[in-house]
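I have placed the structure first, in the form of structure tokens, so that the comments after it can refer back to it.
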Amino acid sequence: MERSKAKADFVASAHASGVPLTWDNCLQPLVDEDNEWSVLESIDLYLALLAFSETNEAKSLEGERKRCLERKLRDFRRVGLHLDEATADEVKSINTRISELGIEFQKNLGEDDTSFSFSAAQLDGCTESYLKERRQEDGSYKLTLKYPDYIPLMERCKVEETRRVMEKGFNSRCLARNSAILEELVQLRHKKAQLMGYETHAAFITEIRMCGGAAKVKSFLSELGAKLQPLLASDLEALRALKQADGAPADCQINAWDRSFYCKRLEETKHQVDHEELKKYFPLEVVTEGLLGIYQELLGLKFESDSELAKSAWHEDVQAFKVTDAASNVLVGYFYMDMHPRDGKYGHAACFGLQPGCDYKGSWQVPVAAAVCNFPKPTADTPALMSHGDVETFFHEFGHVMHQLCSEAKLPMFAGTRVERDFVEAPSQMLENWVWEPAALKRMSRHHETGNANAGLLNMRQICLASFDQASCGCCC
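By UniProt numbering, the letter at position 248 of the sequence shown is numbered 248, and the numbering carries on one by one without gaps.
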């Protein structure tokens, strides 16, 4: 941190002292560090870069260097350093408050301890193992609104009223406190956007996205929603038929608390999908072997287990791999795989870039990344078994790892997954589709003992969520 600050101070002082501004004394020091700390609050640094942008050298920049200068100036402007002092201070104050509110919002959700007590009859359909873990001394069952309690119940419980209570509770968590926070956040974001010269917060955010503005987002959602209507109608009709078979009237509706339950039922009846049975065909060891093989062939790479590197990892469960080009044997980078849950570990699945691939001090710095997941650990008599959803998640996160390692950007600020936010998921989403290919599935699956889908409804739900997000950010175009 001190070294990074010293470099930024050097750039700012060079401008103040009248030293000629060049790439080497203006942008390169920041590129070397590429640290986004409070440098964005330095008006002196902004003025130095602004002055450099008017020089002949700056105007002759090409490629990544040109983009770097444009991006740095853009980022300075987006925190308000181009505004008069009073307005800039107000924007800074708003940013601080927005950050505080966001933290408080998440903290409230994380600390929510709401729970419900149900009888065995009210939980009809839930598995015995699920009930056993939640049984109380008085014979009742205590359920919280955490995902391990909420999701299995919504998929398995046959009692509609129980599902309704849980759905309402889940979507009303911290309602009083977080509604007030959300209202203040919306107001602050709108005020900040207008101080910065934008009509709405949506316009401010989408300015730097590939989508090209709030109006295009709204148009895209509207057009996609219209195209999905026939598929939505078909999906809903299939779910209504299942609900009617349970005794519901012909004009019944699929409510929010029905969706997961009847989608799961549809998978198991119409599509003959038994997720518990499927897990037996996806031992983690077999999936990993197949996944690594597919990615090596697809990208022309060679992965080698590196036990020495693994010894320096953060936990004994972590595996390490060396990656080389299969044709030239040139070193590409390294990656770690941290697959199992443990106390204090990050609770979701993600890829973390540990070192960007880039030009550094005249030579190439190889990238290093880590795939972090939380798949079940093996037991004494059973290997670690994965659901097909777990396999898809694994493929997705490993796609991010490959994005990190195969990037050839020279500057760290553009390396790997440091791309536009509405593009960063694209490579992984494309690569994860291999888990639906029969040939790929054959390579990644084997019964651990013998060795031997609702697109319209789900996509329309995402469109509704995205449309609400746009509307709450002031997109009324």
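We put the CB at the ideal spot given by N, CA and C, even for glycine.
A contact between stretches requires three or more CB pairs, one per stretch, nearer than 8 Å, and the segment 345–356 meets this requirement with the segment 404–418. Annotated three-state conformation of Asp274 is coil, per DSSP. The closest CA to that of Val273, considering only Leu239, Leu224, Ser387, is found on Ser387. Annotation: the continuous beta strand (DSSP E) that includes Met337 extends over 331–338.
Only exposed fits Leu298, as fewer than 16 other CB atoms lie within 10 angstroms of its CB. When DSSP states are grouped into helix, strand and coil, Trp436 belongs to the helix group. Under the criterion of beta carbons closer than 8 Å, Ala250 and Gln244 qualify as touching, at roughly 6 Å. Residue environment: Arg74 is assigned as exposed (fewer than 16 neighbouring CB atoms within 10 Å of its CB, all protein chains considered). When secondary structure is reduced to three states using DSSP, Arg135 falls in the strand class. Under a 10 Å Cβ-count criterion, Gln429 is classified as exposed, with fewer than 16 other Cβ atoms of the shown protein chains found around its own Cβ.
Contact between Thr393 and His403 does not hold, since their C-beta atoms are separated by about 16 Å, which reaches or exceeds 8 Å. When only Cα atoms are considered, Arg135 and Ser117 end up about 10 Å apart.
When secondary structure is reduced to three states using DSSP, Gly353 falls in the strand class. Setting aside the 5 residues that flank it on each side, Ile294 is surrounded in the same chain by Trp434, Ala440, Arg443, each with a C-beta closer than 7 Å to its C-beta; the list follows chain order. Considering only Gly80, Glu104, Ser219, Phe105, the residue with the shortest C-alpha distance to Ser93 is Gly80. Following the DSSP letters along the chain, one finds Gln319 inside the beta strand (DSSP E) bounded by residues 319–325. Around the C-beta of Thr379, fewer than 16 other C-beta atoms lie within 10 Å, and the residue is accordingly described as exposed. Cα atoms of His396 and Ala349: separation of roughly 9 Å, rounded to the nearest angstrom.
For the options Glu85, Ile43, Val159, the alpha carbon positioned closest to that of Ala248 is the one of Val159. Judged by beta-carbon spacing, Lys280 lies within the 8 Å limit of His447, meaning their Cβ atoms are closer than that value. Here the segment 180–187 lies against the segment 96–103, with 3 or more beta-carbon pairs under 8 Å apart.
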